[in-house]
Amino acid sequence: MKHSLELLLYIGKQVTASGKKRIIYSIVNILLMAAAVGSAIGIRTLYLGMGEINIFAAIIGIILLAALCIIFALDGVIAQLVLLVASGIGMFNKAEPDNRAANVIAFIIALLSTVGVAAALAIYLSAT
Numbered sequence: 393m394k395h396s397l398e399l400l401l402y403i404g405k406q407v408t409a410s411g412k413k414r415i416i417y418s419i420v421n422i423l424l425m426a427a428a429v430g431s432a433i434g435i436r437t438l439y440l441g442m443g444e445i446n447i448f449a450a451i452i453g454i455i456l457l458a459a460l461c462i463i464f465a466l467d468g469v470i471a472q473l474v475l476l477v478a479s480g481i482g483m484f485n486k487a488e489p490d491n492r493a494a495n496v497i498a499f500i501i502a503l504l505s506t507v508g509v510a511a512a513l514a515i516y517l518s519a520t
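Taken in order, the sequence shown gives residues 393 to 520; the numbers are from the working numbering.
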């Protein structure tokens, strides 16, 4: 419950941020998404190497990495998608013309990172 409230507050900060801060938020979200991908890779590595290491250690590792993967994916992906929408709206905000360029940069970073992480995860998980 506490994590959900923190996620909502984090998303709220992104929506109300200026264009320059949105660029920083998009980079932080990339790091969170990379941690989610790293956790997914760790789960797959532990699963494939389960016969070579202690099975109980592998199961505990998989459970812990699955929890981290869910947390990082929620924080990174959902926040990046919200930032994508907020920056997209901010690009066309005529009331704040100073923030247009920064919103365009944040939008491009958010879009490319979301597509890139999804593609990288799909490619890695499909390769066996």
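The beta carbon of each residue, even a glycine, is placed where N, CA and C say it ideally should be. The model shown is predicted, which means the values in this text are computed figures rather than measured ones.
Beta-carbon spacing of residue i, residue j below 8 Å
i: Ala427; j: Tyr417; result: no
i: Cys461; j: Ile435; result: yes
i: Ala514; j: Ser479; result: no
i: Ile403; j: Val474; result: yes
i: Ala498; j: Ile415; result: yes
i: Leu438; j: Gly453; result: yes
i: Met442; j: Ala450; result: yes
Same chain only: Cβ atoms within 7 Å of residue i, ignoring 5 sequence neighbours per side
i: Leu397; result: none
i: Ala512; result: Val429
i: Ile422; result: Ser505
Sequence-distant residues of the same chain with beta carbon closer than 8 Å to residue i, five excluded per side
i: Met425; result: Phe464, Ala465, Gly468, Val469, Gln472, Ser505, Thr506, Val509
i: Leu399; result: Leu466, Asp467, Ile470, Ala471
Nonlocal neighbours in the same chain, by C-beta distance under 6 Å from residue i, ignoring five residues either side
i: Ile445; result: none
i: Leu528; result: Since the first and last residues shown for the chain are 393 and 520, residue 528 lies out of range.
Neighbour flag for residue i against chain C, beta carbons, 8 Å
i: Met483; result: The question asks about chain C, but that chain is absent: this structure has only one protein chain.
Helix, strand or coil at residue i according to DSSP, with G and I counted as helix
i: Ile445; result: coil
i: Phe499; result: helix
Determine contact between the segment 485-500 and the segment 399-414, defined as no fewer than three beta-carbon pairs at a distance below 8 Å. The segment 485-500, when compared against the segment 399-414, does touch it at the 8 Å Cβ threshold.
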